[in-house]
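Under the working numbering, the residues of the sequence shown are numbered 5 to 469, in order.
Where is the CB? At the ideal position from N, CA and C, for every residue including glycine.
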Amino acid sequence: MKSTSQRKLIEFLSFWSLALIISGCASSKQEAMLDTIGSPQTRPATFNALEQDFRAAERDRVHLISPARYMAAQKSFSEARAIQSTGEPEKSFSGKLENARSELDAAIIFSRQNRDRMNPLINAREIALEFSDAEPANRELRNLETQYLSLVKDLDGRNSRNRALNRIPALTERYQNLTIKTLQEKHLGEATNNLRIAKNERADRLVPSTLAETEQTIKTAREFIALNANLESERRITQMGEEASTASRRLLNLTRQTASSRDLSPEDRALRTEAMMRTAGQDSERLQDELSGSERRLSEEQARSSELKTRSEDYASLERRLEQGDRKTQRFQKVQELFQEEDAEVSRQGDNLIIRLKKMNFEVNESNIPSQSFALLRRVQTAIQSFDDPSIVIEGHSDSTGDASLNMALSERRAQAVKEYFLSSEALRPERVAARGFGSERPLASNQSSAGRAINRRIDIVIKN
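Given below as C-alpha cells:
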C-alpha cells in the first residue's frame, strides 16, 4: 500500500498535470516545436492500436517529456471508450479517437526530439522519487516537481524552449542532491546524532583515537553516498550505514565508561576492565554472527537479483518479439489492402513476404511489360517502400508451351524487365534487387488450358526483410 505522503505526492502531480493540459493544449498548435521534424509512421486511430502505442510511449518516457499532450490523448481515449460502452455507433466516438491519435503522435514526436537532453533529468528524478519517502523530503520534492512540470511546459514553447533547456542541468543536480541528502539522513542519522552527543560529552579528551576512527567511518560512508546515490548501490549504502551506527554507539559507550571510571579506585578500575573485556568478547561473537548473517542475506539477495534480471531480460526479449510480430502483421495487412484479389496474391513465407502478380499479361514469347501492367507495378513499389531497405528477388515464370530451355530464358528476361522498371524509377538500389527465371518449373495452374497458361505466365516479388 502507498504511504500517506506518497498518496499526497500523486495527488499533487495529478493536479499539476491537469493544469499543464489546460494551459498547454490551448497553445500547443501555435507553440509546438513539431514543424522541425517529420511525422511518425502513420498508425490507425483504433482502440487496439492506441492501447499498444500508449504502452510503448510509457516505456519510452513520453508521459514524462510531454505530459500535457500525453494526458490529453488519454483523456480523449477514455471518453471514446466511455461512449463505446454505451453501445453508440462508431461515428459517435471516432472523433475522440482521432484526437487521441493526434495528441499521442504529437507527444511521441516531441519526446523523440528532446529525449537525449531530458533523460539525465528524468533518471535523477526517478531515483529521488524512489528514495524520498519521508514527509520532510516530500516537501522539498514537491518544490522540485513544480519546477519539473514548469520546465516541460516551457520546453514545448517556441519562446521559452532555450530557457527550459538551460534549466535542465541545475534541476538535475537538485534532484541528485535531494537523493544524497535523503540517503545520508536515513542511513547516517543515528551515527551523526551519536557523534554529536559524544563530542558534547568530551570524547575528544576521553577517547580521541576512537573518536577519530568513528569520524572517518561516517565520513567514508557520507562520501560514498554522495558519489553512488543510486539503486544499484543501495545494499552497500545500507551496510555502510549499519557500520557507522555501530561505530558511533561504541564511541558513545566508551566515552561514558571512560568518564565514569576516572573516579574509581585501581581495583575497581581493574574489575571494570575485566568485565568490559568479557562483554567485548560477547559483543565480538554477536557481531561476527550478525556479519555472517548479513553476508548470507547479501548472497541470497544477489542470487534473487540475478534471477529477476534474467527473467526481466527474457520478458523484454519476448515483448520485443511480440511487437515485431505485430508490426509484421500490420505491414502484411497494409500490403494486402493495396491489391485486388484478381490482380495479385499476397502471402507470408517465414520472414519473407511474397506478392504474386497474376495480371502481368505478358504476350506469348514476349518479355516487354504491357502498359496496362504499369499501375500494378506502381502498387508493388508502394508496398516495397513500407519496408526498411529490404532485399528483393523478382522471380519470372512461364507456361510450358514450347522448348523448356527457351521458357527458362524467357522467364528470366521477364524478371529482368520488371527489375529494370523498378530501377528506372529509382525505387530500389541496384545491389538490393535480383532477378531470376524459373521457366515452367513452378506452375500455379494446369498448362492444359489457355486460362491456366495465362496464370502461369506471372511474376513473383519476394521481399526479404
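- Between N234 and G245, the alpha-carbon positions lie close to 15 Å from each other.
- Just so you know, the alpha carbons of S249 and E55 end up roughly 50 Å apart.
- Between H191 and I222, the beta carbon gap of about 10 Å keeps them out of contact (Cβ cut-off 8 Å).
- The criterion of a C-beta distance shorter than 8 Å is satisfied by S402 and S415.
- DSSP, read as helix, strand or coil, puts E399 in strand.
- Within the model, the alpha-carbon separation for K363 versus I87 is close to 45 Å.
- In terms of Cα proximity to Y74, the closest of N123, G456, A104 is A104.
- When rounded, the separation of the alpha-carbon atoms in N181 and P71 is 25 Å.
- One thing to note: L361 has its Cβ no nearer than 8 Å to the Cβ of L342.
- For E219, there is no enclosing beta strand (DSSP E); the residue is found in the alpha helix (DSSP H) stretching over 212–231.
- It is roughly 19 Å from the alpha-carbon of D109 to the alpha-carbon of R162.
- Secondary structure at I69: helix, using DSSP grouped into helix, strand and coil.
- The C-beta separation of S115 from D158 comes to about 16 Å, leaving the pair out of contact by the 8 Å criterion.
- Per DSSP, V368 is not a residue of any beta strand (DSSP E), being assigned neither H nor E.
- With respect to the C-alpha of I112, the residue from E247, R282, F58 having the closest C-alpha is F58.
- Straight across, the Cα-Cα distance linking F97 with E83 is about 8 Å.
- The beta carbon of A195 lies closer than 6 Å to those of I222, A248, S249, S252 in the same chain, with the five residues before and after it left out.
- Between R178 and L148, the C-beta spacing is below 8 Å.
- Taken through DSSP and simplified to helix, strand or coil, D120 comes out as helix.
- Residue state for E346 is assigned as coil, using DSSP reduced to three classes.
- Secondary structure of S429 (DSSP, three-state): coil.
- Ranked by how close their Cα comes to the Cα of L357, the residues S309, Q334, S377 have Q334 in first place.
- Shown here for N460: same chain residues with a beta carbon closer than 8 Å to its own, the five before and five after excluded, namely H401, S402, D403, S404, S444, P447, L448, A449, N451 in chain order.
- DSSP links R440 through a beta bridge to E399.
- Taking E144 as the centre and dropping the five residues before and after it, the same chain places the C-beta of L182 closer than 7 Å to its C-beta, in chain order.
- Here the alpha carbon of R282 sits roughly 15 Å from the alpha carbon of Q261.
- Counting along the chain, K95 sits inside no alpha helix (DSSP H), nor does DSSP assign it H or E at all.
- With fewer than 16 other Cβ atoms inside 10 Å of its own Cβ, F378 counts as exposed.
- The alpha-carbon separation between I184 and P93 amounts to approximately 55 Å.
- Excluding residues up to 5 positions away in sequence, L258, T259, T262 lie with their Cβ nearer than 6 Å to the Cβ of V211 in the same chain.
- In the structure shown, R47 falls within a coil segment according to DSSP collapsed to helix, strand and coil.
- Annotation for N356: the continuous beta strand (DSSP E) segment containing it runs 356–361.
- The continuous beta strand (DSSP E) containing I463 extends over residues 463–468.
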